[in-house]
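Before any comments, here is the structure.
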Amino acid sequence: MESMSNFKRSALSKSQSINPYVTSTTIGPSTRISDTHKGYMMYKDVGVQTIPFLELEDKPNLTTVWKALREELEKDRLRRVQESLNSRINSMTEFSKRNQRDTYKILDEKQRALLNERHQQELLIMQKLEQYNKDNISLQQQQLLQYYEDLNERKKKLDKELKEYERHKKVKTIIDKIKADQVEFRQIYQDINATLLTCKYPHELKKVLGDIPIQLQCLPDSMEEIVNQCKTFKVSDRESTTSGQLVQNLKVVLENLKHKISEVILEKEKQKEVEQKPKPRTKPLQSNVKPAQIDKIISKSSLHTYANLQAFLDNFAQLYGDLLKDERLKNFKRDCKNAVNIPVNTISAVNSQHLLDKYRKLSHLLEGKRVEVGDTYITASQHPQGVAYCTNLLANKFVLQGDVMISSKPEAAFGYASIISALWYDHENFGKLLLAHFHRQCPYLVPFYPPHTIGQDDKDYYISLGYQYKNNVVEKHDKFLKRMAGIMRLYAAIIVTKPKRGQRNLHGISEGWRWLTAFLNLDPKPDITATLLHEFFEIAGSTMEIVYGNSFRKLIKFVCSVYFPLIRKIDTGGPVSRLELLLQEYLQKGQFEEPQGMFPNNFW
């Protein structure tokens with residue numbers, strides 16, 4: 023309405039402005055603008071827009087003016103209406119969007135509320151049902167539950183009885199095996215007694231028996247302990263293994279006894295031959311060691327063994343002497359060294375197949391068979407002295423591994439020891455040569471403390487002790503002790519190693535007992551005594567205790583209370599401290615720990 027009023031006022035104002043110029047009728051088709059106003063142009067605001075009047079040649083025509091004015095006003099109105107309409111549409115669109123979003127939000131909230139309510143109702147129903155089931159369990163259902171519980175208890179009891187039966191069955195099997203070992207043990211013991219009774223020279227035999235009487239006393243005690251454990255059914259595979267080992271040890275004692283009897287008989291026969299011949303004049307060996315002091319550096323039985331092995335080593339060298347001298351066979355000798363060095367250098371405890379491969383190659387080499395080495399083949403028997411040459415090379419190489427390899431990597435000792443034990447079983451000469459090289463490199467394994475003899479220079483004396491010289495300079499003392507420790511570790515590992523299937527250890531735990539008792543009968547020396555005892559107990563201590571039981575424990579008690587104080591009087595260095603710590607740990611735990619790297623039974 024306000025727009026219409028404005029429109030009226032504007033029209034009247036324009037009418038008043040042009041009134042003086044209007045002299046005739048202005049409404050109708052004949053209306054014209056006066057000529058006097060031709061060429062006159064007038065402008066006037068109409069609303070928000072200035073509308074020009076046409077320049078008239080004649081008198082102004084009001085109809086045309088009004089028509090133009092209406093058209094402009096209509097356009098302006100339509101524009102305003104369109105703008106208002108667009109604004110209205112936009113507002114309604116925005117409102118519709120907002121309303122739609124609000125509607126969806128309300129619907130979502132209502133849906134969540136309905137779902138939540140439904141969930142609550144379902145929970146309530148389930149609770150009611152559960153409560154209903156609890157309240158309405160029948161007596162028959164309760165009896166069924168009780169029946170199942172009783173059935174489960176009977177099953178547990180039956181399982182327990184079954185396990186106990188299986189354990190009892192296993193223990194019974196172990197006891198039967200131990201009984202069989204005991205019967206065999208008694209039979210061997212009777213054979214030993216019979217062998218002793220048949221000896222023609224008991225007095226001479228007694229002098230060379232060494233530790234055999236001690237073993238004949240200790241081994242039955244150890245077997246008796248195991249038998250007593252069988253009476254309480256407190257036995258395991260460990261006792262079964264120990265009883266078998268005791269039988270093997272007693273067999274070794276019987277063989278050693280027969281060997282010593284043979285030696286005595288042979289010696290007596292030689293004496294008879296010597297007595298029948300005139301005695302040649304000989305110059306006695308000069309030494310600053312009095313006869314009464316010999317027992318402090320080596321026992322008579324050990325001296326006899328040491329002398330025989332060194333003589334065997336020297337005599338064996340003559341079997342391949344021509345081969346060594348023949349320069350035309352340089353390539354053959356090089357191939358033989360490769361056939362020994364390459365397998366030995368690659369021995370490790372990877373698995374049993376690896377050890378078998380190295381064992382077969384070395385065993386075939388000593389048998390004179392064709393073996394593959396790298397990308398070539400070697401046969402030691404191509405030369406008549408080739409097998410003897412390779413046998414000595416291999417024995418010396420293994421001792422050097424204790425010197426070089428095991429002194430730096432102690433756990434590797436058992437891989438070498440296993441193959442050594444297997445080759446020793448197959449090749450007797452190899453075992454003798456190995457022991458001879460052990461004694462030459464480390465005389466303390468005899469055991470023997472070489473004396474400084476009359477006329478012997480320092481170099482020869484130190485070499486006899488096991489020291490090495492380079493450019494006429496003796497090796498340092500700590501390096502010497504490290505080498506001796508490595509060799510001792512290898513020797514002890516051979517003593518306690520588990521034999522290959524179908525074989526037995528020809529230099530087993532009884533040799534460990536022999537060495538230890540003989541070593542403890544000698545006066546201790548600085549550094550070397552403590553070093554060797556420490557290495558021996560670390561490697562062989564746990565096995566010695568299993569086999570010899572109380573006898574070994576008594577021996578350790580002697581070491582702690584009597585022998586170690588003797589070492590303390592002459593030595594206070596690092597080896598003594600390490601030995602003291604090891605003995606203290608033994609006293610605290612009551613046993614020696616099994617050495618790292620030791621193979622289980624039936625490893626290969």
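Add 22 to the 1-based position in the sequence shown for this note's numbering, that's all there is to it.
We put the CB at the ideal spot given by N, CA and C, even for glycine.
Model, not experiment: these values are computed from the prediction.
State the CB to CB distance for the pair residue i and residue j, rounded to an integer number of angstroms; the pair is presumed to be in contact (CB under 8 Å).
{"i": "residue 266", "j": "residue 436", "result": "No, residue 266 and residue 436 are not in contact; Cβ-Cβ is about 20 Å, not under 8 Å."}
{"i": "residue 470", "j": "residue 328", "result": "6 Å"}
{"i": "residue 366", "j": "residue 419", "result": "5 Å"}
{"i": "residue 244", "j": "residue 200", "result": "Rounded, the Cβ-Cβ distance is 12 Å, inconsistent with contact."}
{"i": "residue 453", "j": "residue 274", "result": "About 13 Å; that fails the 8 Å criterion."}
{"i": "residue 257", "j": "residue 196", "result": "5 Å"}
{"i": "residue 603", "j": "residue 555", "result": "That belief does not hold up - the Cβ atoms of residue 603 and residue 555 are roughly 12 Å apart, past 8 Å."}
{"i": "residue 609", "j": "residue 581", "result": "So it is not a contact: roughly 11 Å between Cβ atoms."}
Can you find the residues in the same chain that come closer than 7 Å, C-beta to C-beta, to residue i, ignoring five residues on each side of it along the sequence?
{"i": "residue 592", "result": "546, 548"}
{"i": "residue 395", "result": "360, 361, 364"}
{"i": "residue 613", "result": "564, 567"}
{"i": "residue 553", "result": "503, 506, 507, 597"}
{"i": "residue 628", "result": "This structure cannot settle anything about residue 628, because the visible part of the chain is limited to 23 through 626."}
{"i": "residue 305", "result": "Low per-residue confidence applies at residue 305: pLDDT is 37, beneath 50, and the placement is therefore not dependable enough to give any value."}
{"i": "residue 278", "result": "234"}
{"i": "residue 347", "result": "none"}
{"i": "residue 212", "result": "none"}
{"i": "residue 615", "result": "564"}
{"i": "residue 528", "result": "446, 447, 453"}
{"i": "residue 532", "result": "237, 271, 274, 275"}
{"i": "residue 589", "result": "546, 551, 552, 598"}
Checking the sheet assignment: what are the DSSP bridge partners for residue i?
{"i": "residue 492", "result": "495"}
{"i": "residue 400", "result": "393"}
Tell me which residues share the same chain as residue i and place their Cβ nearer than 6 Å to its Cβ, disregarding the 5 neighbours each side in the sequence.
{"i": "residue 308", "result": "For residue 308, the predicted structure reports a pLDDT of 41, less than 50, and the residue's modelled location is therefore unreliable. A value from the coordinates is still provided. Same-chain partners within the cutoff: 476."}
{"i": "residue 468", "result": "324, 328, 461"}
{"i": "residue 240", "result": "570, 573"}
{"i": "residue 511", "result": "428, 432, 435, 557, 561"}
{"i": "residue 221", "result": "227, 283"}
{"i": "residue 541", "result": "469"}
{"i": "residue 110", "result": "none"}
Kindly list the residues whose CB is nearer than 8 Å to the CB of residue i, restricted to its own chain and excluding five residues on each side of it in sequence; keep chain order.
{"i": "residue 425", "result": "463, 505, 508, 509"}
{"i": "residue 390", "result": "401, 402, 403, 408, 409"}
{"i": "residue 385", "result": "444, 445, 448, 449"}
{"i": "residue 6", "result": "Past the edges of the chain, shown from 23 to 626, lies residue 6, and the structure says nothing about it."}
{"i": "residue 320", "result": "328, 468, 469, 470, 471, 544"}
{"i": "residue 488", "result": "463, 464, 465, 466, 502, 505, 506"}
{"i": "residue 214", "result": "238, 272, 275, 276, 279"}
{"i": "residue 491", "result": "481, 484, 485, 497"}
Taking 7 Å as the cut-off, is the C-beta of residue i nearer than that to any heavy atom in the ligand HEM?
{"i": "residue 95", "result": "The model depicted lacks the ligand HEM and carries no ligand whatsoever."}
Inter-stretch contact at 8 Å, needing at least 3 Cβ pairs: the stretch 437-457 / the stretch 510-526: yes
Contiguous alpha helix (DSSP H) assignments of at least 4 residues, all confined to the stretch 167-223: none
In chain order, each beta strand (DSSP E) run of at least 3 residues that lies wholly inside the stretch 226-277: none
Any 3 or more C-beta pairs closer than 8 Å across the stretch 175-190 and the stretch 243-250: no
Length-filtered (3 minimum) beta strand (DSSP E) runs lying within the stretch 542-613: none
Cβ pair count under 8 Å reaching 3, the stretch 342-360 against the stretch 410-421: yes
Sufficient close CB pairs (3 or more, under 8 Å) joining the stretch 476-486 to the stretch 522-532: no
Unbroken stretches of the alpha helix (DSSP H), 4 residues or longer, contained in the stretch 446-470: 450-463
At least 3 beta-carbon pairs within less than 8 Å: the stretch 192-208 vs the stretch 216-232: no
Inter-stretch contact (C-beta, 8 Å, three-pair minimum) for the stretch 442-454 and the stretch 270-288: no
Residue ranges of each beta strand (DSSP E) within the stretch 121-159, 3 or longer: none
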